[in-house]
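S.K.: Just so you know, we're using our numbering here: the sequence shown kicks off at 2 and counts up by one. Ideal Cβ placement from N, Cα and C applies to all residues, glycine included. Dropping the structure in here first, questions after.
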Amino acid sequence: MTKKCILFLILLLLLPVASMWGYKMQKIYITHSGKQRSMLVYTPDKLPDNSPLFITTHGMGGSSENQAEHDLMYELVDTAKFVMCYPNADGDYWDISGTNDQNFIIKVIDECAQRFKINRNRVYWSGFSMGSMLLFHCMPNMLDKIAAFAPTSGIQFSESPWTKCTKKVNVMECIAYNDNAFTYSKYNIRGYMENFGIMNKYTKNDTITGYRTKNGTSWFDGDREIWINEDTGHEVVLYSYRYSGNGSHTPVAENSYEIWNFCKRFQLGPNMIVGPTLEEAIASFKDAFAVANDIYNNTTDDKYSTAELLRTELKEQIDKYNGFESADSSAYLAPTRNLTEAANALTVRKTNLDNYYAARERVKTLIDQYADNPACNTRPYYLRMVTLYDFYDLSQQNMTNDSKLETAAKTLNETADMFESELEFSLSVREINTSSDSRNIPHYDISGRRATGSGLRIVRGKKIYVK
């Protein structure tokens, strides 16, 4: 078989895959400042005119291909009908101090407008790490071109862009609490984002704890704080999540739906809010209704009895909107919001109760395991576990408050950690049964000093128990 035949067969095999996903991918080259630059672009098979453009800039040392592989934003283009563009930096770094890459992004927008007839009022920009630094650096000069910003895992810590913005902004930051590059506390991530809310003259500030964003079948647990100017509709959102993957500083696909659902609502011009289509509104309502039903049905166990008020409130919303239909997309906004808020409140309570019961079970297991071991049951942290187990009892405490449940679970787990860390018990603990053995074999206490009495001791680096 000739090489040409083999290549033709490979192309035939690839075509059904592209068709199955419903999008097209192409590498586009443009000249900027005398250099050839590139961008990876995804479009749906059938792209309507006047569609939005979504731009994502990769991190330091990254590439458009690498970014797309991890954030998977391009998988949304078929159903959401937008152009997804991943520009490439000139080398490993973006220009986060000058205007070279700012002008490059403007040229990217112009190129996409010419090729795909995009809606220039609905251009959105996201970034990862250094790509987010570029976004924040350029933001003050791009407010007439970008309707909403969605940086992830990065801020421009050497600048204060809110002091340079001449207009209010719509911006949402997604970042892990345990991000190991842009450390949450070191860079005061919350304070950084709050400054944009202050700049926007926000009139309302809300936080949803235990917030979950859904991407396919994957869930992330986190906290979503929002600063809203209710008069103008401008929003600043901080989604801080708990990521347990391999490394906390990485593009994550679990954010893609959250980012798109935030950005797609905004456009440039006097009518800033873009109303959802009827199809989108119905889909969002059905999703909220399904989530509400799921959390209600998953809290029927007696251990969730303290959440009965929240369950009752959610059931009222479920019954109220069961079978709801309308030909007006805006009519779905209130039902979707009410169902979501009630479901989120019950989800938070369920999570806190699950954590509380798991912590109690852990402590009870340790108490029972070492109840008859005099080397253990007299230790301070063992005695503290016994006290706390009785203290943090739902029948004794008014544990209907989420903060109390969080405190109980945290305190119980921390005490159990200290108990296990101090003793480091294992099945290899050796016993010296006679007084002669204890006299003849040098043994030491936990601090390393020579000891002659009974109890837990160390011999040649191994734990023993002297009776």
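#1: Check whether the region 251-266 and the region 173-182 touch, using three or more Cβ-Cβ pairs below 8 Å as the test.
#2: Which residues share a DSSP beta bridge with Ile176?
#3: Could you have a look at Leu315 and say whether DSSP puts it in helix, strand or coil?
#4: Inspect the beta-carbon positions of Glu134 and Ile97 and report whether they are closer than 7 Å.
#5: Between Leu315 and Ala293, how many whole angstroms is the CB-CB distance? I'm expecting something under 8 Å.
#6: For the pair the region 50-60 and the region 110-121, tell me if three or more CB-CB distances fall below 8 Å.
#7: For a cutoff of 7 Å on Cβ pairs, would you count Ser98 as touching chain C?
#8: When DSSP labels each residue in this structure, what does Val42 get in the three-state scheme?
#9: Taking buried to mean at least 16 other C-beta atoms within 10 Å of its own C-beta, is Glu421 buried or exposed?
#10: Please determine if the region 107-116 and the region 284-298 are in contact, where contact requires at least 3 C-beta pairs separated by less than 8 Å.
#11: Could you check whether Met419 and Tyr383 sit closer than 7 Å to each other, using their CB atoms as the reference points?
#12: State yes or no: is the C-beta of Asp79 within less than 7 Å of the C-beta of Pro45?
#13: Do Tyr212 and Gly198 have their C-beta atoms within less than 7 Å of each other?
#14: Which of the three DSSP states is assigned to Ile107 in this structure?
#15: Restricting to Cα atoms, I'd like to know which of Asp403, Gln103 and Ala410 is closest to Met143.
#16: Going by C-alpha to C-alpha distance, which of Leu389, Thr401 and Leu395 sits closest to Asn414?
#17: Run the CB neighbour count on Phe267, radius 10 Å, all protein chains shown included, and call it buried at 16 or more, exposed below.
#18: For Lys351, which three-state DSSP category applies?
#19: Who are Thr1's beta bridge partners in DSSP?
#20: Nearest to Lys304 by alpha carbon, out of Ala344, Tyr371, Asn353 and Asn378?
#21: Where does Asn142 sit, in a helix, a strand or coil, going by DSSP?
#22: In whole angstroms, what separates the C-alpha of Val387 from that of Tyr358?
#23: In chain order, which beta strand (DSSP E) runs of at least 3 residues are fully inside the region 58-95?
#24: Do His59 and Gly132 have their C-beta atoms within less than 7 Å of each other?
#25: Please state if the CB of Met26 and the CB of Phe55 are separated by a distance shorter than 7 Å.
#26: Does the contact criterion of 3 or more C-beta pairs under 8 Å hold for the region 333-348 versus the region 270-290?
#27: Rounded to the nearest angstrom, how far is the Cβ of Asn181 from that of His250, given a contact under 8 Å?
#28: Classify Pro53 as helix, strand or coil using the three-state DSSP reduction.
#29: Quick check on this structure: which residue in Asn339, Arg338, Ala376 and Ala308 has the alpha carbon closest to the alpha carbon of Asn402?
#30: Which same chain residues end up closer than 8 Å to Gly270 when comparing Cβ atoms and leaving out the 5 residues on each side of it in sequence?
#31: Using CA coordinates, which residue listed in Ala372, Thr210, Ala410 and Gly324 is at the minimum distance from Ala343?
#32: In chain order, what residues of the same chain have a beta carbon less than 7 Å from the beta carbon of Leu395, not counting five sequence neighbours either side?
#33: Taking only the alpha-carbon atoms, compute the straight-line gap between Ser146 and Tyr125 and give it to the nearest angstrom.
M.R.: Short version:
#1: Contact between the region 251-266 and the region 173-182 is present, because at least three Cβ pairs lie under 8 Å.
#2: BP columns for Ile176 point to Ser241.
#3: For Leu315, the three-state secondary structure derived from DSSP is helix.
#4: According to the sequence shown, residue 134 is Met rather than Glu. Closer than 7 Å, so yes.
#5: Separation of the CB atoms of Leu315 and Ala293 is rounded to 6 Å, and the pair is thereby assigned contact status at 8 Å.
#6: In short, these stretches touch, since the Cβ pair count reaches three.
#7: Note that chain C does not occur in the displayed structure, where there is just one protein chain.
#8: Strand at Val42.
#9: By the neighbour-count criterion, in which 16 or more other beta carbons inside 10 Å mark a residue as buried, Glu421 falls on the exposed side.
#10: These segments do not touch.
#11: Going by C-beta atoms, Tyr383 is not nearer than 7 Å to Met419.
#12: Yes; because the gap between Cβ atoms is below 7 Å, this pair is in contact.
#13: In this structure, Gly198 does not lie closer than 7 Å to Tyr212 by Cβ.
#14: DSSP places Ile107 within a helical segment (H, G or I) once states are collapsed to three.
#15: By alpha-carbon distance to Met143, the top candidate from Asp403, Gln103 and Ala410 is Gln103.
#16: Measuring from the Cα of Asn414, the nearest candidate turns out to be Leu389.
#17: Phe267 counts as buried, since at least 16 other C-beta atoms from the protein chains shown sit within 10 angstroms of its C-beta.
#18: Looking at Lys351 - three-state DSSP - the assignment turns out to be helix.
#19: In this structure the chain extends from 2 to 468, so residue 1 is not present and cannot be described.
#20: Closest option to Lys304, Cα to Cα, is Asn353.
#21: Assigned with DSSP and collapsed to three states, Asn142 falls in helix.
#22: Going from the Cα of Val387 to the Cα of Tyr358 covers about 15 Å.
#23: The qualifying runs are 84-88.
#24: Gly132 is positioned such that its CB atom lies closer than 7 Å to that of His59.
#25: Their beta carbons are not under 7 Å apart, which means Phe55 does not touch Met26 by this criterion.
#26: When C-beta atoms of the region 333-348 are compared with those of the region 270-290, three or more pairs fall below 8 Å, so the two segments count as touching.
#27: The Cβ separation is near 5 Å, so the contact holds.
#28: Coil, per DSSP.
#29: When only C-alpha atoms are compared, the closest one is Ala308.
#30: In the same chain as Gly270, and ignoring 5 residues on each side of it, the C-beta atoms closer than 8 Å to its own belong to Asn122, in chain order.
#31: Shortest Cα-Cα distance from Ala343 to any of Ala372, Thr210, Ala410 and Gly324 involves Thr210.
#32: These residues qualify, in order along the chain: Thr307.
#33: The amino acid at residue 146 is misidentified as Ser; the sequence shows Lys. C-alpha separation (whole angstroms): 9 Å.
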